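**Q** Mind having a look at this structure? Questions to follow.
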Amino acid sequence: MPVGTLIGYTLGELIMMGFNNELYRLSFGLAAKTLAWSWLCVIAAAAISSLVVRRRLDRLDLVGVLKTRE
Numbered sequence: 023m024p025v026g027t028l029i030g031y032t033l034g035e036l037i038m039m040g041f042n043n044e045l046y047r048l049s050f051g052l053a054a055k056t057l058a059w060s061w062l063c064v065i066a067a068a069a070i071s072s073l074v075v076r077r078r079l080d081r082l083d084l085v086g087v088l089k090t091r092e
C-alpha cells in the first residue's frame with residue numbers, strides 16, 4: 023500500500039501540473055486524514071472479500087469435486 027500511495031500521489035501531481043496554464047492554476051493537496059481513510063477502505067474491502075472467499079471454500083464439497091471426471 024505505501025508503494026501505491028506514492029504512485030497515486032505522483033500521478034495526482036502530474037495530472038495537476040498538466041492542467042496548469044496561463045488562464046488558471048490548480049494546486050494539489052493531500053491530507054493525512056484522506057490517506058488514512060483510503061487505507062482503511064482498502065483494508066476493509068480486503069477483509070470482506072477474504073471472508074466471502076473463506077465462506078465459499080468452507081462450503082465446497084471436496085469429495086464431490088475430486089470424484090468428478092474431466
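In this note's numbering, the protein residues as written are 23 to 92.
C-beta atoms are modelled at their ideal positions from N, C-alpha and C, and glycine is treated no differently.
This one's a predicted model, so the numbers in the text were calculated from it and none came from an experiment.
What residue range is occupied by the uninterrupted alpha helix (DSSP H) comprising Phe50?
**A** To locate residue 50, count along the sequence shown from 1; it is residue 28. Taken as a continuous stretch (DSSP letters only), Phe50 belongs to no alpha helix (DSSP H), as it is neither H nor E.
**Q** Among the candidates Tyr46, Ser60, Asn43, whose CA atom is the shortest distance from the CA of Tyr31?
**A** Numbered from its first residue, the sequence shown carries residue 31 at position 9. Nearest option by C-alpha distance: Ser60.
**Q** How many angstroms separate the CA atom of Ile29 from the CA atom of Leu45?
**A** Within the sequence shown, numbered from 1, the residue matching residue 29 stands at position 7. Within the sequence shown, numbered from 1, the residue matching residue 45 stands at position 23. Straight-line Cα distance between these residues: approximately 28 Å.
**Q** Excluding sequence positions up to five away, which residues of its chain have a Cβ less than 6 Å from the Cβ of Gly34?
**A** Position 12 of the sequence shown holds residue 34. So the qualifying residues of the chain are Phe50.
**Q** Which full runs of the alpha helix (DSSP H) of 4+ residues lie inside the stretch 52 to 88, going along the chain?
**A** As summarised for the stretch 52 to 88, the continuous alpha helix (DSSP H) elements at least 4 residues long and confined to that stretch are 54 to 80, given in chain order.
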